[in-house]
Amino acid sequence: MKILFSLLLFSCLVFALILPVSGQEPVDLIRDLRKIHTPNGIEVLEQVELNGSKQWISIRGKDKSNPVLLVLHGGPASPLMPVSWAYQSPWEDYFTVVNWDQRAAGKNWMNTDTTLVAEQLEFRTLIRDAYYLVDHLRERLQQEKIFLMGYSYGSGIGIRMAARIPDKLHAYIGMGQMAPGKPEQVIYNRLLDLAKEAQHVEALRELEALAPYPAADGATPMKKIITVRKWARYFNGGWYGKQDFKLFFSLPELSPDYSPEEIQSLDVSTAWITRKILAQGGAGDFPMDFRIPVVMMMGMHDLHTPYESVVNYWEQLSAPNKQLITFDYSGHMPFLEEPGKFLVELVNKVRPLAD
Numbered sequence: 001m002k003i004l005f006s007l008l009l010f011s012c013l014v015f016a017l018i019l020p021v022s023g024q025e026p027v028d029l030i031r032d033l034r035k036i037h038t039p040n041g042i043e044v045l046e047q048v049e050l051n052g053s054k055q056w057i058s059i060r061g062k063d064k065s066n067p068v069l070l071v072l073h074g075g076p077a078s079p080l081m082p083v084s085w086a087y088q089s090p091w092e093d094y095f096t097v098v099n100w101d102q103r104a105a106g107k108n109w110m111n112t113d114t115t116l117v118a119e120q121l122e123f124r125t126l127i128r129d130a131y132y133l134v135d136h137l138r139e140r141l142q143q144e145k146i147f148l149m150g151y152s153y154g155s156g157i158g159i160r161m162a163a164r165i166p167d168k169l170h171a172y173i174g175m176g177q178m179a180p181g182k183p184e185q186v187i188y189n190r191l192l193d194l195a196k197e198a199q200h201v202e203a204l205r206e207l208e209a210l211a212p213y214p215a216a217d218g219a220t221p222m223k224k225i226i227t228v229r230k231w232a233r234y235f236n237g238g239w240y241g242k243q244d245f246k247l248f249f250s251l252p253e254l255s256p257d258y259s260p261e262e263i264q265s266l267d268v269s270t271a272w273i274t275r276k277i278l279a280q281g282g283a284g285d286f287p288m289d290f291r292i293p294v295v296m297m298m299g300m301h302d303l304h305t306p307y308e309s310v311v312n313y314w315e316q317l318s319a320p321n322k323q324l325i326t327f328d329y330s331g332h333m334p335f336l337e338e339p340g341k342f343l344v345e346l347v348n349k350v351r352p353l354a355d
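Residues 1 to 355 (full-length UniProt numbering) make up the sequence shown, in order.
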């Protein structure tokens, strides 16, 4: 009886200790876990004015003397800020990391005048906004140069900036890099091969029904593009080992940087902005000559920005230092698929370029 009583008493004490902690919301636990306590650290979430528009940025790092790394998100209008909690903290030991919700996207949407923004949303406007942000960060953090990382659609912005403002950048890092050539054709042909190899009847039927793909005039219907991306994800071209992006699109639900209302608005804002920007067509030629180092960090299985196209681009471009870093078990997001290797490559291959 004494043993039973002791066990019951112990259980009560354990629950008494656990309850206050377990009573916290997961978002609050993540916020506490990410808290930066170092004397020279920085942890800022704020609106800044860029090119006449107020836009949200996050600045996080353990030591403000570390190199600044500005990340340009993809989409269009698919911000990384609300998912950065899942992978970014180790980066903050080595870089001061800046996430920027581009014009009208993410946290900006709640206060966006869609009538006004509809007239402003152009690829060149996003590039101009980014120029303003680079200068803001250089002044704010007292650093002559910064690193620029472009991801997916953001890599189209970043690669052009890298060619135009080399005096303000240590290097350019392309992740899920957009590339010249015929990437949609490359994706489609690769998916047909994969569907045949897997003897996947449904995939083959849906893909063959899209022909001719892409459209010869470049005006491929969005419905066809969505079908291709669905099968790209299924065949490891999105998140290796996962057949869709459900997990990725669920990560904002635990973001300490977004309110519930901002999270709820993500789907609407992304769809609206994407339609506006993609309706304008391409962004012109890709630069081939650079005066700063260019580093491509690519998942071998990427079928959103196909690996094959990026390799061809990397081989042709000219830069004082160029590197192609391949992640063997990654698709379109190696920073989440192989986070340990990604960090090692950032620290060993990219950070020294600031010296």
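Here a beta-carbon is modelled for each residue, glycine too, at the ideal position from N, C-alpha and C.
Would you mind working out which of the options sits nearest residue i, comparing C-alpha positions?
| i | options | result |
| --- | --- | --- |
| Thr305 | Ala232, Phe147 and Val344 | Ala232 |
| Asp244 | Arg229, Ser255 and Glu253 | Arg229 |
| Asn348 | Thr125, Tyr94, Thr274 and Asp193 | Tyr94 |
| Gly61 | Val48, Ser84, Gly52 and Gln47 | Ser84 |
| Glu315 | Ala198, Ala179 and Arg275 | Ala179 |
| Ala271 | Leu69, Ile42, Lys35 and Pro79 | Pro79 |
| Met149 | Ala209, Asn312, Pro252 and Thr96 | Thr96 |
Provide the residue span of the alpha helix (DSSP H) that contains residue i, from first to last.
| i | result |
| --- | --- |
| Ile325 | Segment Lys322 to Phe327 is the beta strand (DSSP E) holding Ile325; no alpha helix (DSSP H) there. |
| Met222 | Met222 to Tyr234 |
| Gly156 | Tyr153 to Arg164 |
| Val344 | Pro339 to Glu345 |
| Leu69 | No alpha helix (DSSP H) contains Leu69, which is instead part of the beta strand (DSSP E) from Val68 to Leu72. |
| Val117 | Thr114 to Gln120 |
Note down, in chain order, each residue of its chain lying with its Cβ closer than 6 Å to the Cβ of residue i, except the 5 sequence neighbours on either side.
| i | result |
| --- | --- |
| Lys322 | Val294 |
| Ser318 | Asp289 |
| Phe235 | Leu194 |
| Leu33 | none |
| residue 357 | Only positions 1 to 355 of the chain appear in the structure, and residue 357 is not among them; the question remains open. |
| Phe327 | Gly299, Pro334 and Glu338 |
Could you pull out every residue in the same chain whose Cβ sits closer than 7 Å to the Cβ of residue i, ignoring the five residues on either side in sequence?
| i | result |
| --- | --- |
| residue 376 | Past the edges of the chain, shown from 1 to 355, lies residue 376, and the structure says nothing about it. |
| Glu345 | Met297 and Ile325 |
| Glu122 | Gln280 |
| Pro352 | none |
| Ile277 | Pro76, Leu121 and Phe123 |
| Met110 | Glu261, Glu262 and Ser265 |
I believe residue i touches residue j by the beta-carbon criterion, under 8 Å. Please report the beta-carbon distance rounded to the nearest angstrom.
| i | j | result |
| --- | --- | --- |
| Phe147 | Pro67 | 6 Å |
| Gly238 | Gly158 | Not quite, the Cβ-Cβ distance comes to about 21 Å (not below 8 Å), so this is no contact. |
| Leu336 | Tyr87 | 6 Å |
| Arg128 | Gln55 | The Cβ separation is near 12 Å, so there is no contact. |
| Tyr153 | Gly218 | Not a contact, Cβ separation roughly 17 Å. |
| Ser155 | Gly181 | Between Gly181 and Ser155 the Cβ distance is about 15 Å, and since that is not below 8 Å, they are no contact. |
| Ala130 | Leu72 | 7 Å |
Taking the DSSP output, what are the residues bridged to residue i?
| i | result |
| --- | --- |
| Gly61 | Ile42 |
| Trp56 | Gln47 |
| Trp239 | Lys242 |
Can you tell me where the beta strand (DSSP E) holding residue i begins and where it ends?
| i | result |
| --- | --- |
| His170 | Leu169 to Met175 |
| Leu210 | Here Leu210 belongs to no beta strand (DSSP E), and DSSP marks it neither H nor E. |
| Leu270 | According to the sequence as given, residue 270 is Thr; it is not Leu. No beta strand (DSSP E) contains Thr270, which is instead part of the alpha helix (DSSP H) from Leu266 to Leu278. |
| Thr305 | Where Thr305 is concerned, there is no enclosing beta strand (DSSP E), given that its DSSP letter is neither H nor E. |
In its own chain, which residues sit with a C-beta less than 8 Å from the C-beta of residue i, not counting the 5 before and 5 after it?
| i | result |
| --- | --- |
| Pro221 | Ala215 |
Should residue i be flagged as near chain C, meaning a C-beta pair shorter than 8 Å?
| i | result |
| --- | --- |
| Leu169 | The question asks about chain C, but that chain is absent: this structure has only one protein chain. |
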